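**Q**
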Amino acid sequence: MPFYRVVGDVPRKRHVQFRRPDGGLYAEELMGEEGFSSDSSLLYHRYLPTAIIKAETVQPLVPDSLEANLPLSPRHFRTQDLKSAGDLVTGRMLLSGNGDVRLSYATTDAPSELYRNSKGDECVYIQSGEARFESTYGALDVGVGDYVVIPTGTIHRWVPKGTVNALVIEASGHIRTPKRYLSQFGQLLEHAPYSERDLRAPAEPLIVEGEEVPVLVRTRGGLTRMTFRNHPFDVVGWDGCLYPFVFNISDFEPVVKKTHAPPPVHQTFEGPGFVVCSFMPRPLDFHPEAIPIPYNHHNVDSDEFMFYVGGDYSARKGSGIDVGSISLHPAGFTHGPQPGAVEAVIESKATHTSEMAVMVDTFRPLDLGQGALSCEDPGYAWTWAR
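Number 295 in the UniProt record's numbering belongs to position 295 of the sequence shown; there are no gaps in the numbering.
#1: Closest to R14 by CA distance: which of F77, Y44, R20, V276 is it?
#2: With DSSP run on the structure shown, which of helix, strand or coil describes T219?
#3: With a cut-off of 8 Å on the beta carbons, I'd call A171 and V124 a contact; round off their distance for me.
#4: Would L188 pass as a contact of S195 if the rule is Cβ separation under 8 Å?
#5: Taking the CB atoms as reference points, tell me whether D361 and V236 lie closer together than 8 Å.
#6: Grouping DSSP H, G and I as helix and E and B as strand, with all else coil, what is L70?
#7: Which residues share a DSSP beta bridge with E304?
#8: Excluding five sequence neighbours on each side, which residues of the same chain lie with their C-beta closer than 7 Å to the C-beta of E29?
#9: Taking the alpha carbon of D301 as the point to measure from, which residue in P365, R116, E204 has its own alpha carbon closest?
#10: Between P339 and F77, what straight-line distance do the alpha-carbon atoms span, to the nearest angstrom?
#11: Helix, strand or coil for E355? Go by DSSP, reduced to three states.
#12: Return the CA-CA distance between R5 and G240, expressed in angstroms with no decimal places.
#13: On the premise that T227 lies in contact with P244, defined as a C-beta separation below 8 Å, what is that separation, rounded to the nearest angstrom?
#14: Taking only the alpha-carbon atoms, compute the straight-line gap between I126 and V255 and give it to the nearest angstrom.
#15: Which term fits T353, buried or exposed, when burial requires 16 or more other beta carbons within 10 angstroms of its beta carbon?
#16: Alpha carbon to alpha carbon, how far is I291 from I346? Give it in angstroms, no decimals.
#17: Can you tell which of I175, T136, D9 has the C-alpha that lies nearest to the C-alpha of Y147?
#18: Please classify I155: is it buried, with 16 or more other beta-carbons within 10 angstroms of its beta-carbon, or exposed?
#19: Taking the alpha helix (DSSP H) that L373 falls in, what are its first and last residues?
#20: For E122, which residues in the same chain have their Cβ closer than 6 Å to its Cβ, ignoring the five residues on either side in sequence?
#21: Please return the same chain residues whose Cβ sits closer than 8 Å to the Cβ of H191, not counting the five positions on each side in sequence.
#22: For V275, which beta-bridge partners are listed by DSSP?
#23: From the DSSP output, in three-state form, read off R54 for me.
#24: Please indicate yes or no: does the CB of L88 lie closer than 7 Å to some heavy atom of the ligand FAD?
#25: What separation, rounded to the nearest whole angstrom, lies between the Cα atoms of D64 and G24?
#26: What whole-angstrom Cβ distance do F333 and P74 have, given they're in contact under 8 Å?
#27: Which residue comes first and which comes last in the beta strand (DSSP E) that contains S195?
#28: How many Å lie between G210 and L94 at the Cα?
#29: Looking at the C-beta of Y44, does it have a partner C-beta in chain C at a distance below 8 Å?
#30: How many Å lie between K349 and G273 at the Cα?
#31: Unbroken beta strand (DSSP E) runs of length 3 or more, entirely within the segment 96-120: which are they?
#32: Would DSSP call S250 helix, strand or coil?
#33: When DSSP builds the beta bridges, which residues end up paired with C123?
#34: For the beta strand (DSSP E) that contains A131, what are its first and last residues?
#35: Beta strand (DSSP E) containing A139: first to last residue?
Right under this line is the structure:
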């Protein structure tokens, strides 16, 4: 992240002796990206973060294989039809993915075990419900509309307060603020659609006692359950620029033009081979002859994965798209408004749109997971021809 935080107790200088009340040394843990060449944080543990006493291979609870989008077709998935398959980690139902990113849906009211994704960053969008996100950095209360961005290697767990529905974006690398929103020194600029004040991060340590504590670890090789000698939530303080944070979609400030603006103006985050965009209610295009809904477009270099999370989708009326729907429009297919939608919105003289959506655009083709195939609307591809 582009700004420095300090939480809890830390010594005046880094890498100097920092002693517990009993005279022993706290154990440093540097969490850093790109081989000491990018953002990092320094955490101070009461116990050794290296002390594990067991490791065992774990098989996934739900299918995690992918198959090609063949025959090539636009798709519509109804997440409303998916049933709970576990917790927010082990119960993720894989919808789509490629070598850069995996997109899953989770619906659960069960607490997760401790989890560490050492394959890449995660961004979890809370569609509905509330939860407590707990990690070695501290705790955060999260709810509807929150993006929870979790750096690679962060040990954490999810504790829902009732049922939670969420879209999970798992990157093969790091999820960051788009570079064009940042100064050369990392501050969010005035033209950015959000500012540092909109971001929430842990404000105090979270200390949990325990011995022989299991942690589920994901790597590129698969899943391992490691048993730590002491509970990893033993950090008395940390400082740095790398930590989990929360951004609520309602704080995204949309860009408005005289005529229709393309999706890059909605970009919120970027990852390796993909971007995340937030579509929020906004004034419609105000040129007197504007067509205030998207034009037909063919993204020749990307697949478009759109999760509809609120509002009214005037451009897609008659297609079956509704809140909870996900559309996948692949490269190789031209998509746009439903037949008659352009005329209808012009005649309505509407001045605002109420639609809300989270979009992930990828720059390599997206394959299909069993979660998506189990809730697909088979007639969607033909809705433009009706």
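Note that beta-carbon positions come from the ideal geometry of N, C-alpha and C, so glycine has one too. None of the values given here were measured: they were computed from a predicted structure.
**A** With the given structure in hand:
#1: Y44
#2: strand
#3: At roughly 12 Å, the Cβ-Cβ gap does not stay under 8 Å, so A171 and V124 are not in contact.
#4: yes
#5: no
#6: coil
#7: H329, D361
#8: L43, H45, P49
#9: P365
#10: 21 Å
#11: coil
#12: 6 Å
#13: The Cβ separation is near 23 Å, so there is no contact.
#14: 23 Å
#15: buried
#16: 7 Å
#17: I175
#18: buried
#19: 370-373
#20: I150, E170
#21: Y181
#22: E270, D361
#23: With the sequence shown as reference, residue 54 is identified as Lys, and Arg is not the correct amino acid for it. Three-state DSSP puts K54 in a strand.
#24: This structure does not include the ligand FAD; it has no bound ligands of any sort.
#25: 45 Å
#26: 5 Å
#27: Unbroken run through S195: none, as it is neither H nor E.
#28: 33 Å
#29: The chain labelled as chain C is not found in the depicted structure, where only one protein chain is given.
#30: 38 Å
#31: 101-108, 114-117
#32: helix
#33: V149, I169
#34: 131-135
#35: 138-142
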